[in-house]
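Just so we're on the same page, my numbering is the position in the sequence shown counted from 1, plus 5.
Quick reminder that beta carbons are idealized off the backbone N, C-alpha and C, glycines included.
A short write-up of the structure that comes next.
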Amino acid sequence: MSNNTLTKNQITEGIIWKQLLIFFFPIMIGTLFQQLYNTVDAIIVGRYVGKQALASVGGSAAVLSNFVIGFFTGLSAGATVIISQFYGAKNQKQLSKGLHTAYAFSITVSILISIAGWFATPMLLRLLKTPTDIIPDSILYLRIYFIGILFTLTYNMGSSIMRSIGDSRRPLIYLIICCALNIVLDILFVIGLNMGIKGAAIATVIAQAISAFLVTRSLMKSYGILKLELRSIRFHKDLLKAELRIGLPGGIQSFGYSISNIIIQAVINNFGTDTAAAWAAYGKLDAIFWTVCGSFGIAITTFSGQNYGARRYDRVKKSVRICLAMALGVCGSLIIFLMVFCRPLYGIFTTDESVVDIGVYMLRLITPSYIIFIFVEIFSGALRGIGDVLIPSIITLGGVLLVRLTWILVVTPMTGELSTLLYSYPLAWGATALFLIPYYFHRKKKVLTT
Numbered sequence: 006m007s008n009n010t011l012t013k014n015q016i017t018e019g020i021i022w023k024q025l026l027i028f029f030f031p032i033m034i035g036t037l038f039q040q041l042y043n044t045v046d047a048i049i050v051g052r053y054v055g056k057q058a059l060a061s062v063g064g065s066a067a068v069l070s071n072f073v074i075g076f077f078t079g080l081s082a083g084a085t086v087i088i089s090q091f092y093g094a095k096n097q098k099q100l101s102k103g104l105h106t107a108y109a110f111s112i113t114v115s116i117l118i119s120i121a122g123w124f125a126t127p128m129l130l131r132l133l134k135t136p137t138d139i140i141p142d143s144i145l146y147l148r149i150y151f152i153g154i155l156f157t158l159t160y161n162m163g164s165s166i167m168r169s170i171g172d173s174r175r176p177l178i179y180l181i182i183c184c185a186l187n188i189v190l191d192i193l194f195v196i197g198l199n200m201g202i203k204g205a206a207i208a209t210v211i212a213q214a215i216s217a218f219l220v221t222r223s224l225m226k227s228y229g230i231l232k233l234e235l236r237s238i239r240f241h242k243d244l245l246k247a248e249l250r251i252g253l254p255g256g257i258q259s260f261g262y263s264i265s266n267i268i269i270q271a272v273i274n275n276f277g278t279d280t281a282a283a284w285a286a287y288g289k290l291d292a293i294f295w296t297v298c299g300s301f302g303i304a305i306t307t308f309s310g311q312n313y314g315a316r317r318y319d320r321v322k323k324s325v326r327i328c329l330a331m332a333l334g335v336c337g338s339l340i341i342f343l344m345v346f347c348r349p350l351y352g353i354f355t356t357d358e359s360v361v362d363i364g365v366y367m368l369r370l371i372t373p374s375y376i377i378f379i380f381v382e383i384f385s386g387a388l389r390g391i392g393d394v395l396i397p398s399i400i401t402l403g404g405v406l407l408v409r410l411t412w413i414l415v416v417t418p419m420t421g422e423l424s425t426l427l428y429s430y431p432l433a434w435g436a437t438a439l440f441l442i443p444y445y446f447h448r449k450k451k452v453l454t455t
């Protein structure tokens, strides 16, 4: 990236709707490809190994791996917001310190998670009440996954930093390359060499390792004033504190989401392997919406962060309005698509009619309420970009922990019905939106006044 690009930053100076689209599409496509890592595993093992293997890859194992990634992504958001603001302000010294602190943090956390994950996996799967017929495969898959967690977290941190300074193209290219590699390796290991679950896990780790290498190499060579030097990777106390101040509430928020999902998975597992397999496939279809919606959230975080750092408060407010309208249009269309085509989509994962019927029921019950969360995603992303994360995280945790968990632990056992459990999702989103939307307008009036 040349110095000319720095003097003409399109995020702080260009046409907002056009730049949002240019920035959003590579993020969305890239995130969809990232989701394909685990989805391809689920499709191949579901079709060629069986529904027990599908439940192993996409059930408890997926919940636990998403817990780790979600918590780390929440924490790393602090680094990306700080870097985005320093980039908008063109502060080269602080940019360098923030980058190398972020990488030191990723490496340290990866080592701790690998050790803890290896030893804790059997206990965690039992706590989730994982069906006994899928526990051995789930343990195998997760332990291999945790061995390679360094590559996953390094890629997530590095690509987030690249997007925070406005480059969403390179992470997309790298993901396409590595997803294609993952598919080839899945076919080779699972079908060709008959390695089953182990082959799917190894394929994913290898592909993530390649993506981590490519992202790290780009940060070492491609961004002018932002340059990664391996020998300079270390903690800078002041930057670490600033990154954690912003990232920790997001990490705790993700932790709350993950805890509720873990409890829901435990309840789902009580309904048997068919329901667990249907929930696993639902999670892959569900991820399509969250990928698109989350990409809008990433886009508005970067736009609000850079414009806030450049003191372009008018552009912060305008970009939020435009991004919300775009998200409602795109995500609303996606909701309709999922509702209409859910049955053939489920057929991609399994030919078991019982599993498909349960999955279609789940999706059609929950999906219409996704529209509520679009407002939560955009407004919380905008607040995160200006460094306001504590109160939005508290509001979100209130919706997740107080509303959702209370419903799951108190109301659901009264009926013992799957539908009662599923209603916990729209109830939690509605409660969160009820408080977060007024808070956003309050902060906009107070902070973003030119």
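Inset, instruction - Compare the Cα-Cα distances from Y228 to each of M162, I400 and R175 and report the closest residue. - result: Along the sequence shown, read from residue 1 onward, the residue named residue 228 stands at position 223. Answer by Cα proximity: R175.
Inset, instruction - Would you mind working out which of H241, F240, S223 and K242 sits nearest L233, comparing C-alpha positions? - result: Looking up residue 233 in the sequence shown gives position 228. It is S223 whose Cα lies nearest to the Cα of L233.
Inset, instruction - Would you decide whether F151 is buried or exposed? Buried here means 16 or more other CB atoms lie within 10 Å of its CB. - result: Stepping through the sequence shown from its first residue, residue 151 is reached at position 146. Burial call: buried.
Legend entry - Spatial distance of A212 from L180 (CA atoms): The residue labelled residue 212 in the question sits at position 207 within the sequence shown. The residue labelled residue 180 in the question sits at position 175 within the sequence shown. Roughly 9 angstroms between the two C-alpha positions.
Inset, instruction - At 3 residues or longer, and completely inside the region 163-251: list those beta strand (DSSP E) runs for me, N to C. - result: none
Legend entry - Cβ pair F354, A281 closer than 8 angstroms: What you label residue 354 is simply residue 349 of the sequence shown in a count that begins at 1. What you label residue 281 is simply residue 276 of the sequence shown in a count that begins at 1. It is not a contact, given that the beta carbons lie outside the stated cut-off.
Inset, instruction - Identify which residue in G256, L339 and T221 has its Cα closest to the Cα of F294. - result: Position 289 of the sequence shown, counted from the start, is the residue given in the question as residue 294. If we check each option's Cα against that of F294, L339 comes out closest.
Legend entry - Backbone secondary structure at E18 - three-state DSSP: Taking the sequence shown and counting its residues from 1, one reaches residue 18 at position 13. Three-state result, E18: helix.
Inset, instruction - Using only alpha-carbon positions, find the residue among V415, D191, E422 and R448 that is nearest to S385. - result: The count along the sequence shown starts at 1 and reaches residue 385 at position 380. Looking at the Cα atoms, R448 is the closest of the given residues.
Inset, instruction - Would you kindly check if the distance between the Cβ of T437 and the Cβ of G404 is under 8 angstroms? - result: As a first step, residue 404 must be located in the sequence shown, where it is residue number 399. As a first step, residue 437 must be located in the sequence shown, where it is residue number 432. For G404 and T437, yes; Cβs fall inside 8 angstroms.
Inset, instruction - Return yes when the Cβ of V408 is within less than 8 angstroms of the Cβ of A433, no when it is not. - result: Taking the first residue of the sequence shown as position 1, residue 433 is located at position 428. Taking the first residue of the sequence shown as position 1, residue 408 is located at position 403. Cβ distance < 8 angstroms, so A433 and V408 count as in contact.
Inset, instruction - Please list, in chain order, all residues of the same chain as R148 whose beta carbon is under 6 angstroms from its beta carbon, the five residues on each side excluded. - result: Taking the first residue of the sequence shown as position 1, residue 148 is located at position 143. Around R148: W123 and T126.
Inset, instruction - Would you kindly check if the distance between the Cβ of A283 and the Cβ of I49 is under 8 angstroms? - result: In the sequence shown, the residue the question calls residue 49 occupies position 44. In the sequence shown, the residue the question calls residue 283 occupies position 278. No, Cβ-Cβ distance for I49 and A283 is not below 8 angstroms.
Legend entry - Separation of K322 from D357, as counted between CA atoms: Here residue 357 refers to the residue found at position 352 of the sequence shown. Here residue 322 refers to the residue found at position 317 of the sequence shown. About 49 angstroms.
Inset, instruction - Return yes when the Cβ of V361 is within less than 8 angstroms of the Cβ of Y375, no when it is not. - result: One-based indexing of the sequence shown puts residue 375 at position 370. One-based indexing of the sequence shown puts residue 361 at position 356. Not a contact, by the Cβ cut-off of 8 angstroms.
Inset, instruction - Between the Cα of L395 and those of I74, G83, I32 and F156, spot the shortest distance and give me the residue it belongs to. - result: Counted from its first residue, the sequence shown places residue 395 at position 390. Ranking the options by Cα distance to L395, first place goes to G83.
Legend entry - Nearest-angstrom Cβ-Cβ length linking L253 and T106, presumed shorter than 8 angstroms: Start at 1 with the first residue of the sequence shown, and residue 253 comes out as number 248. Start at 1 with the first residue of the sequence shown, and residue 106 comes out as number 101. Incorrect: roughly 14 angstroms between the Cβ atoms, too far for contact.
Legend entry - Straight-line Cα distance separating N96 from I170: Within the sequence shown, residue 170 is the residue found at index 165, counting from 1. Within the sequence shown, residue 96 is the residue found at index 91, counting from 1. The alpha-carbon atoms of I170 and N96 are separated by roughly 12 angstroms.
Inset, instruction - Assess, as a yes-or-no matter, whether the region 253-264 is touched by the region 324-335 under the definition of 3 or more beta carbon pairs within less than 8 angstroms. - result: no
Legend entry - Run of the alpha helix (DSSP H) containing P373, from where it starts to where it stops: Within the sequence shown, residue 373 is the residue found at index 368, counting from 1. P373 -> no alpha helix (DSSP H), and no H or E assigned at all.
Inset, instruction - Starting from the N-terminal side, write out each stretch of the alpha helix (DSSP H) that is 4 residues or longer and does not extend beyond the region 287-370. - result: 318-351
Legend entry - Best match in S101, L69, L104 and S89 for proximity to A121 [C-alpha to C-alpha]: Numbered from 1 along the sequence shown, position 116 holds the residue referred to as residue 121. It is L69.
Legend entry - Limits of the alpha helix (DSSP H) - the one that K5 falls within: No statement about residue 5 is possible, as the shown extent of the chain runs from 6 to 455 and does not include it.
Inset, instruction - Spell out whether any CB of chain B is found under 8 angstroms from the CB atom of I340. - result: Annotation note: the requested chain B is absent from the structure, which comprises a single protein chain.
Inset, instruction - Figure out for me which residue from M128, S81 and Q90 has the closest Cα to the Cα of V114. - result: The residue given as residue 114 occupies position 109 in the sequence shown. Nearest option by C-alpha distance: S81.
Legend entry - Cα-Cα separation between F5 and T85, rounded to whole angstroms: No answer is possible for residue 5: the residues shown for the chain start at 6 and end at 455.
Legend entry - When S143, A247 and G435 are compared against G392, the one with the closest alpha-carbon: The residue labelled residue 392 in the question sits at position 387 within the sequence shown. The candidate whose alpha carbon is nearest that of G392 is A247.
Inset, instruction - Return the CA-CA distance between I34 and L177, expressed in angstroms with no decimal places. - result: Reading the sequence shown from its first residue, position 29 is the one you call residue 34. Reading the sequence shown from its first residue, position 172 is the one you call residue 177. Their Cα atoms are separated by approximately 7 angstroms.
Legend entry - For E382, three-class secondary structure by DSSP: Looking up residue 382 in the sequence shown gives position 377. E382: helix per DSSP, three-state reduction.
Inset, instruction - Check whether the region 23-33 touches the region 292-311, counting contact only when three or more Cβ pairs, one atom from each stretch, lie closer than 8 angstroms. - result: yes
Inset, instruction - Using the Cα positions of V381 and M200, report the straight-line distance between them to the nearest angstrom. - result: Taking the first residue of the sequence shown as 1, we reach residue 381 at position 376. Taking the first residue of the sequence shown as 1, we reach residue 200 at position 195. If I take the Cα positions, the gap works out to 42 angstroms.
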